[in-house]
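Structure record follows, encoded as structure tokens.
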Amino acid sequence: MAYLFQQALNALQLGSIYALIALGYTMVYGILTMINFAHGDLFMVGAFFCFLLAVYLKLSFVPTLLFTILGVAMLGVVIERLAYKPLRNAPRVSAIITALGVGLFLENFTLALSPYPKHIPALIEHTTWTIGTVSISSLQILIIVLSLVLMLILDFIVQRTKAGMAMRAISWDKTIVPLMGVPVNKIISLTFAIGTGLGGAAGMMYGLAYPVIDPYMGIMVGWKAFISAVVGGIGNIRGAMIGGFILGAVEIMVAAFFPSTYRDFVAFTMLFILLIVRPYGILGKPHPQKV
Amino acid sequence: MTNPDLLLTVTNLSVSYDSIRAVNDISFDVARGEIVTLIGANGAGKSSILRAISGLIPYQGGIAYAGKDLKNIAADGIVAAGIAHVPEGRGIFGNLTVLENLKIATWQRKDKAKIAADLEHVFELFPRLFERGKQLGGMLSGGEQQMLAVGRALMSDSQMLLLDEPSMGLSPVLVREIFKIIQDINHTGKTILLVEQNANMSLHIASRGYVLETGRIVLSGTGKDLTGNPRVKEAYLGG
Chain A
1 MAYLFQQALN ALQLGSIYAL IALGYTMVYG ILTMINFAHG DLFMVGAFFC
51 FLLAVYLKLS FVPTLLFTIL GVAMLGVVIE RLAYKPLRNA PRVSAIITAL
101 GVGLFLENFT LALSPYPKHI PALIEHTTWT IGTVSISSLQ ILIIVLSLVL
151 MLILDFIVQR TKAGMAMRAI SWDKTIVPLM GVPVNKIISL TFAIGTGLGG
201 AAGMMYGLAY PVIDPYMGIM VGWKAFISAV VGGIGNIRGA MIGGFILGAV
251 EIMVAAFFPS TYRDFVAFTM LFILLIVRPY GILGKPHPQK V
Chain B
1001 MTNPDLLLTV TNLSVSYDSI RAVNDISFDV ARGEIVTLIG ANGAGKSSIL
1051 RAISGLIPYQ GGIAYAGKDL KNIAADGIVA AGIAHVPEGR GIFGNLTVLE
1101 NLKIATWQRK DKAKIAADLE HVFELFPRLF ERGKQLGGML SGGEQQMLAV
1151 GRALMSDSQM LLLDEPSMGL SPVLVREIFK IIQDINHTGK TILLVEQNAN
1201 MSLHIASRGY VLETGRIVLS GTGKDLTGNP RVKEAYLGG
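Sequence order for the protein chains is A and B.
Residue numbers are given in our numbering: position 163 of the first sequence equals residue 163, and the series is strictly consecutive.
Position in the second sequence (from 1) plus 1000 gives the number in our numbering.
As structure tokens, then:
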């Protein structure tokens, strides 16, 4: 029982990181019906920003987090403007290939600057509490709580603010929104900023939890977060959160009770089965037919 | 030469999609306070004209509103200039509540008190929208959606309304109701450019009309003159 509780805690930690990254995929898809395949690499850039800020500027936890989010968000906006916007009316496959290219660029640019894996310093004091056989670390709690707070903020922005209303409207029908006087390009930039900023925050938290970072760390994590977004229903924000936590739980539980090498195999199998049963994901709906 | 009463002036307007010319060298104008209707069969280019005015598609020729050239103004700027466009098919955001659908049209406005007053006015005009304020736009019936689309255009506080086939898909009773509402709105001082396939109804309420056929204006005159003109029927049958 205690073992199960321990694993559930680990699942929450991993799941909240997947959920944060999955939000970036789903927000961009919701607004542009495009998968930003560079998103996993932006997550990696987040980890490296965190490394630079913490090691070279010796910043403490809070400023490191803020500047990491800000830096990755700005990078996301620049990528959208330079690489994706010119292709907005091009065939969908062009945008996907471009996104893959941007991802490769980010990986190799980082590799050129930092050929060796880096070690992120512990930015907060590590305390571990032991209750019976269950141990909880301060880092674990921080990651889970911070992720939940960021998700609540996002939910508030999307559901309750004017900009969030415009994002939802764009996801319904982008062609009508300009007629409301809404500057669509600005809202798209804002969406990219928020989505990639959350990915950057996830990169930092991942780097704190698993402190050795390298330019390829975003590939597998990115794919899994993408799976989370699809499982939850791509384009659906609450779905991405649920999908992230489900995938985190599946992975941790598989590793807890089976050889850990089964982990990714099971995760990807889950995607296949779910997509057969529910092609639109858990909370996803078939897109309304536009006349 | 320039008439100060002219609100909208369209000069030698042409719109092309790839190699197809949808609108061909069209000129017309709308004076302040008028209802002007563009009528014609499907594919005559009516919607393209509205889309050009709203800055949604590129065009050749000139479009001026209140003496201001609209050529290089993006769609969101056209709304700010004072033109609201109720698009074909109504364009309701089905995932937004009725209230949000109305509020999103106030994006460019800062006058909070006037916005609240305008919302009151829209609810007076369409009590159903008030009852359904918290429901999603997608849950409304066709008639209610059309009312929401018109109400939303009013929320932008524009002087001019472009209406693209407001009667489309509505029952005859609702069509009469919506045309009555268009007249009421016109009486409050709004200028209206109405695109319709329903020639009889729109010519009945319009002060002037233009008949389009495959991208050209083939006939124009007062609403009264055009009503019953056999050439109007021909335009519809592609005669």
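Note that the Cβ used here is the ideal one computed from N, Cα and C, for glycine as well.
Inset, instruction - Report the rounded CA-to-CA distance for N1012 of chain B versus I176 of chain A, giving the unit in angstroms. - result: If you take the alpha carbons of N1012 of chain B and I176 of chain A, they lie about 26 Å apart.
Legend entry - Min CB distance L1212 of chain B to chain A below 9 Å: Chain A contact via Cβ: absent.
Inset, instruction - For the region 1146-1178 of chain B, list the beta strand (DSSP E) runs that are entirely contained and at least 3 residues long, ordered along the chain. - result: 1160-1164
Legend entry - Where the region 1079-1094 of chain B meets chain A: residues whose CB sits under 8 Å from a CB there: Answer set for the region 1079-1094 of chain B: V1079, A1080, A1084, H1085, P1087, G1089, G1091, F1093 and G1094.
Inset, instruction - Using a Cβ-Cβ cut-off of 9 Å, state whether K1103 of chain B counts as contacting chain E. - result: Judged by its chain identifiers, the structure shown contains no chain E, and its protein chains are A and B.
Legend entry - Top-ranked residue by Cα proximity to L32 of chain A, from A:I69, A:G195 and A:Q159: Looking at the Cα atoms, A:G195 is the closest of the given residues.
Inset, instruction - Measure the CB-CB distance between A1105 of chain B and G181 of chain A and report whether it falls below 9 Å. - result: yes
Inset, instruction - Assign N1042 of chain B to buried or exposed, taking buried as 16 or more other Cβ atoms, counted over all protein chains shown, within 10 Å of its Cβ. - result: N1042 of chain B should be labelled exposed.
Legend entry - chain A contact for S1167 of chain B (CB, 9 Å cutoff): no
Inset, instruction - May I ask you to report which of helix, strand or coil DSSP gives H126 of chain A? - result: H126 of chain A falls in the coil class under three-state DSSP.
Inset, instruction - Pick out whichever of B:G1223, B:Q1108, B:E1100 and B:S1158 has its Cα sitting closest to the Cα of K1134 of chain B. - result: B:E1100
Legend entry - Where K1224 of chain B falls: helix, strand or coil (DSSP): helix
Legend entry - Any beta strand (DSSP E) of 3 or more consecutive residues that is wholly inside the region 1059-1107 of chain B: 1060-1065 and 1083-1086
Legend entry - At least 3 beta-carbon pairs within less than 8 Å: the region 68-85 of chain A vs the region 38-58 of chain A: yes
Legend entry - Chain-ordered residues of the region 1191-1220 of chain B with a beta carbon less than 8 Å from chain A: Those residues of the region 1191-1220 of chain B that come within reach of chain A (Cβ to Cβ, closer than 8 Å) do not exist; the list is empty.
Inset, instruction - Quick one: grab the DSSP three-state call for E1213 of chain B. - result: strand
Legend entry - Residue(s) in a DSSP beta bridge with Y3 of chain A: According to DSSP, which records beta bridges pairwise, Y3 of chain A is partnered with nothing at all.
Legend entry - Cβ shell of L87 of chain A (< 7 Å), same chain only, five flanking positions each side left out: The residues are S94, A95 and T98.
Inset, instruction - Taking V266 of chain A and V250 of chain A to be in contact with their CB atoms under 8 Å, please state how far apart those CB atoms are, rounded to whole angstroms. - result: 6 Å
Inset, instruction - Give the range of the beta strand (DSSP E) segment to which V72 of chain A is assigned. - result: First-last for V72 of chain A: F61 to I79, but that is the alpha helix (DSSP H), not the beta strand (DSSP E).
Inset, instruction - Please specify which runs of the alpha helix (DSSP H), each continuous and at least 4 residues long, are wholly inside the region 121-174 of chain A, giving them in chain order. - result: 138-160 and 162-172
Inset, instruction - Determine whether the Cβ of A293 of chain A lies closer than 9 Å to any Cβ atom of chain B. - result: Here chain A comprises residues numbered 1 to 291, so residue 293 of chain A is not present and cannot be evaluated.
Inset, instruction - Mind listing the chain B neighbours of M165 of chain A? Cutoff is C-beta to C-beta under 8 Å, in chain order. - result: L1096, E1100, K1103 and I1104
Legend entry - Residues bridged to K118 of chain A (per DSSP): A:I213
Inset, instruction - For I1092 of chain B, count neighbouring C-beta atoms within 10 Å of its own C-beta (all shown protein chains included) and say buried if the count is 16 or more, exposed if not. - result: buried
Inset, instruction - Classify N108 of chain A as buried or exposed, calling it buried when 16 or more other Cβ atoms lie within 10 Å of its own Cβ. - result: exposed
Inset, instruction - Take the Cβ of K1190 of chain B as the centre, count every other Cβ of all protein chains shown within 10 Å, and call the residue buried at 16 or more, exposed below. - result: buried
Legend entry - Beta carbon of L154 of chain A nearer than 9 Å to that of I237 of chain A: Result yes, Cβ atoms of L154 of chain A and I237 of chain A sit closer than 9 Å.
Legend entry - Contacts around A1206 of chain B, its chain only, beta-carbon distance under 7 Å, and the 5 residues preceding and following it disregarded: I1035, V1036, T1037, L1194 and G1223
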